[in-house]
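Residue numbers for the first sequence, in the numbering used here: 1050 to 1500. Reviewing the structure listed below.
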Amino acid sequence: METRVRFAPSPTGALHIGGGHTALFNWLWARHTKGKFILRIEDTDRERSTQEYEETIMSGMRWLGLEWDEGPDRGGAFGPYRQSERLSMYRENAEKLVAEGKAYRDGEAIVFRVLPGVELSFDDVVYGRIETTSDGLRDRESGDLKDIVLIKSDGMPTYNYAVVIDDHFMEITHVIRGEDHISNTPKQLLLYGAFGWAPPFFAHLPMILGRDKKKLSKRHGATSVYEYRDMGYMPDSVFNFLANLGWSAGEDANGASREIFTRDEAAGFFELSRVTRKAAVFDPDKLNYISQEHLKRLDPVVRLDLIKPFWREAGLPVERHDNAYLADALTLMGGRGQTARELAGFSDYYVSFEPVKGRWNADEISDELRAGLKEFFSALLSEPEWSAEKLEARARAWVEAKGAKMKDYAMTLRFALTGMKVSPGIFEVSELLGRDEVRRRLEFYEFVPRL
RNA sequence: GGUCCCAUCGACUAGUGGUCCAGGUCGUAGCCCUCUCAAGGCUAAAACGCGGGUUCGAACCCCGCUGGGACCGCCA
């Protein structure tokens, strides 16, 4: 049987990290089993649901690369995919229960009667056997058995009811959702039983916590996936990071755990049986590491496309250079930079001299050193073959002859060219910038006379 | 308060009774490379929450405790 899973967000906010995590695992399972991934919008909360949020959630999912096979925007054989458009189904089925005496009317609402002692245990795919009965469904204050509202007075179905109707009629085979829904499952099982339907498999996922081990919320900083995009994380990185929360891809042939992988690789490795049960803490350091690894592996051309927007955002004249040069610059940067934004910031000096001027002035150079620097730089600029090897050889020879320290000279060159105390090898940087540009920067700092 | 869930280094995790004086990764510390590094290489510190069982043998099984968490809404 083809597996059918769904992600069912309510459009009351942007796609949250926790929601993305759930969507991701559903997607993984669908792709792993070559089944279908369905997007269903749970917009029965009339107060808080909006069309804008629905779109934001969908674009957040697309950004993460979680394409769905059926959904409100693309249809499918089991639609409609918005709960607000399925009202008649909810009503008809609730009426059936009323006719059978299993539910009753309470004003405009329809309420399911909960009988005591009903066996509601189930085998969760990740948590295992969960033993419980309807006796656990009690009211917080009174402690009485609590009936379940099916249809609210405004005609909308409640979550626990709609989810059962939808999952049944959409022929969902696996309900993969957050662990916070474990306690809702018995209620839903009660309804499956009342209708005489076979329930799907349930696979609950561990929660994602903040550093303080509390459920991830606004207090922990960025929570929507878009905030991560704007911070310069690639979708592949966020995907990879999220996939490692509550799941491990196992070990490779060398016994090392598989931590860095692509979407497709993850889909291949994914197993519901490897999902863990313990709530996982969101660790920004690990995200940064994963991000850096993906950034590193990127093809130079793709990487350039990724970095350009951040350079432009910083007001740098990107269009003044050709792509080959800029791509070379990023290649020179090697594995530096954890996010696209950071890499762009670390490499702005290839695009323009302007930011360098703002970062460094030569004020702290002593007169003695300055005198030596002038000689040194003139020697460099007169090197006939402008290559990193030749420049370095030239520099070493000069420094040795003068009994000077390479460090003083190379670092000053670094500051003058990049305005930073760290960069790739400074002779490589010099080669790439080109003789004219190097001269221009050295002239600015008055290390060499203006031509 | 009731019901349910969870418990391995600071973090993510591997581990399903012996091959574990517990492995990998991030982070941290140190060393190396060196013109610098936030790049690269190497090393180190760092965990089975506690107490009882079961067993020849327990991180793995059982019970209790402690500590976290979720749910108990005409929100989802």
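Just so it is clear, CB atoms sit at the ideal spot from N, CA and C, and this is done for glycine as well. Nothing here was measured: the structure is a model prediction, and the numbers come from that model.
- Beta-bridge partners assigned by DSSP to Pro1206: Ile1200.
- The three-state reading of DSSP puts Thr1099 in coil, since its state is none of H, G, I, E or B.
- With a beta-carbon spacing of about 28 Å, His1070 and Leu1186 fall beyond the 8 Å limit used to define contacts.
- Excluding sequence positions up to five before and after Arg1162, its CB lies within less than 7 Å of the CB of Lys1151, Ala1152, Tyr1153 and Asp1196, all in the same chain and listed in chain order.
- Secondary structure note for Asp1172: its beta strand (DSSP E) is the uninterrupted segment Phe1171 to Asp1173.
- For Trp1117, the closest alpha carbon among the candidates Lys1267, Ile1090 and Leu1238 is that of Ile1090.
- Note on geometry: alpha-carbon atoms of Arg1463 and Ser1266 lie some 43 Å from one another.
- Taken through DSSP and simplified to helix, strand or coil, Ala1252 comes out as strand.
- Here Gly1185 carries a helix assignment [DSSP, helix/strand/coil].
- Around the Cβ of Gly1120, a 10 Å sphere holds 16 or more other Cβ atoms; the residue is buried.
- Between Gly1295 and Ala1329, the gap from beta carbon to beta carbon is short of 8 Å.
- Where His1223 is concerned, the enclosing beta strand (DSSP E) starts and stops at His1223 to Gly1227.
- Under the rule that a run must span 4 or more residues, the alpha helix (DSSP H) segments found entirely inside the stretch 1426 to 1464 read 1437 to 1451.
- Counting along the chain, the unbroken alpha helix (DSSP H) around Gly1068 starts and ends at Ile1066 to His1081.
- Distance check between Leu1321 and each of Val1174, Ala1453 and Arg1307 places Val1174 closest, using alpha-carbon atoms only.
- Residue state for Arg1326 is assigned as coil, using DSSP reduced to three classes.
- Residue pairing for Arg1053: DSSP places it in a beta bridge opposite Lys1085.
- Leaving aside the five residues that flank Leu1258 on each side, the residues in its chain whose CB is nearer than 8 Å to its CB run, in chain order, Lys1264, Leu1265, Ala1328, Ala1329, Val1330 and Phe1331.
- In this structure, Arg1408 sits away from Gly1474, with a CB-CB distance that is not shorter than 8 Å.
- In terms of Cβ geometry, Pro1235 and Thr1311 do not form a close pair [threshold 8 Å].
- Glu1477 places its beta carbon 8 Å or farther from that of Ala1428.
- The distance from the Cβ of Val1367 to that of Val1400 is about 6 Å, consistent with a contact at the 8 Å cut-off.
- Between Phe1127 and Met1219, the C-beta spacing is below 8 Å.
- Following the DSSP letters along the chain, one finds Ile1414 in no alpha helix (DSSP H), marked with neither H nor E.
- A distance below 7 Å between beta-carbons, with the five flanking residues on each side excluded, links Arg1278 to the following residues of its chain, in chain order: Trp1112.
- Distance from the Cα of Ser1059 is smallest, within the candidate group Leu1088, Asp1092 and Asp1203, for Asp1092.
- Taking 8 Å as the cut-off, the beta carbon of Phe1250 is found closer than this to the beta carbon of Thr1222.
- With contacts defined by Cβ atoms closer than 8 Å, Val1274 and Leu1482 do not form a contacting pair.
- In this chain, the beta strand (DSSP E) harbouring Gly1177 covers Gly1177 to Ile1179.
- Under the three-state reduction of DSSP output, Asp1155 falls in the strand class.
- Here Thr1461 is buried. Its C-beta has 16 or more other C-beta atoms within 10 Å.
- Taking a cut-off of 8 Å on C-beta distances, the stretch 1090 to 1110 does not touch the stretch 1345 to 1352, as fewer than three cross pairs fall below it.
- Note that the stretch 1417 to 1426 does not touch the stretch 1367 to 1381; fewer than 3 beta-carbon pairs, one per stretch, sit closer than 8 Å.
- Following the DSSP letters along the chain, one finds Asp1094 in no alpha helix (DSSP H), marked with neither H nor E.
- In the structure shown, Ser1306 adopts extended strand secondary structure according to DSSP, grouped into three states.
- Contact annotation: Ala1315 and Leu1077 have beta-carbon atoms nearer than 8 Å.
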